[in-house]
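To keep things clear, I will list the structure first and then write my remarks on it.
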Amino acid sequence: MKVFLVAALALSLAINVYQLTFIPKAANLVIANSSQAECIKQLRSSSSETNVIGPNFLSGYLALDLNLNSNTSFSKEVSGCYFDSYIENVTVENLAENVQLLRSTGSSSVTFFKDATSDKFTVYGRSE
Numbered sequence: 187m188k189v190f191l192v193a194a195l196a197l198s199l200a201i202n203v204y205q206l207t208f209i210p211k212a213a214n215l216v217i218a219n220s221s222q223a224e225c226i227k228q229l230r231s232s233s234s235e236t237n238v239i240g241p242n243f244l245s246g247y248l249a250l251d252l253n254l255n256s257n258t259s260f261s262k263e264v265s266g267c268y269f270d271s272y273i274e275n276v277t278v279e280n281l282a283e284n285v286q287l288l289r290s291t292g293s294s295s296v297t298f299f300k301d302a303t304s305d306k307f308t309v310y311g312r313s314e
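For the sequence shown, this note's numbering assigns the number 187 to the initial residue and increments by one for each residue that follows.
Now the structure itself:
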């Protein structure tokens with residue numbers, strides 16, 4: 187029985203060492219146009235940058251692997267390079283009035299983000 191436990195522990199240790207060493211880590215990838223990428227690079231260092239190969243609407247865009255602070259979210263780190271303003275903690279019930287508020291302050295482009303673990307939205311606006 188002791189041999190089995192030692193073998194199981196050794197196997198578990200070997201698997202964990204393998205995963206830490208050889209399996210790629212999660213990346214903090216963002217897609218940005220050239221001006222957004224320059225803005226992001228001024229705020230955060232990126233460990234890699236590559237051209238996006240994909241549909242025509244993404245031609246000219248870059249994929250940046252960012253060194254984001256693990257204690258803050260994207261909206262706190264680099265969203266200013268994409269949007270002029272945002273409103274957090276928006277519910278479905280007050281979504282329309284918050285979109286109207288952003289539009290009334292000059293945001294002609296409005297988009298949304300909702301984390302899978304929350305029932306709250308963040309509404310982003312950009313004036314053109």
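The C-beta atom is built at its ideal place from N, Cα and C for all residues, glycine as well.
Using a Cβ-Cβ cutoff of less than 6 Å, which residues in the same chain neighbour residue i once the five nearest sequence positions on both sides are dropped?
i    : result
F298 : F307, V309
L229 : V264
G292 : S313
A193 : none
For residue i versus residue j, is the C-beta spacing smaller than 8 Å?
i    : j    : result
L252 : I226 : yes
Q222 : Y268 : yes
L248 : V238 : yes
L288 : G311 : yes
Could you tell me the alpha carbon to alpha carbon distance between residue i and residue j, rounded to whole angstroms?
i    : j    : result
E314 : S290 : 13 Å
S294 : A200 : 54 Å
E283 : L197 : 57 Å
L215 : G246 : 16 Å
D305 : V189 : 50 Å
L281 : D301 : 15 Å
F243 : N219 : 11 Å
G240 : E224 : 21 Å
T303 : L250 : 25 Å
Which same chain residues, not among the five before or five after residue i, have their C-beta less than 8 Å away from its C-beta?
i    : result
V285 : V296, V309
Could you name the residues of the same chain whose beta carbon sits closer than 7 Å to that of residue i, not counting the 5 residues immediately before and after it, in chain order?
i    : result
D270 : S293, G311, R312, S313
M187 : none
Can you find at least 3 beta carbon pairs, one from the segment 232 to 246 and one from the segment 276 to 288, that sit closer than 8 Å?
-> no
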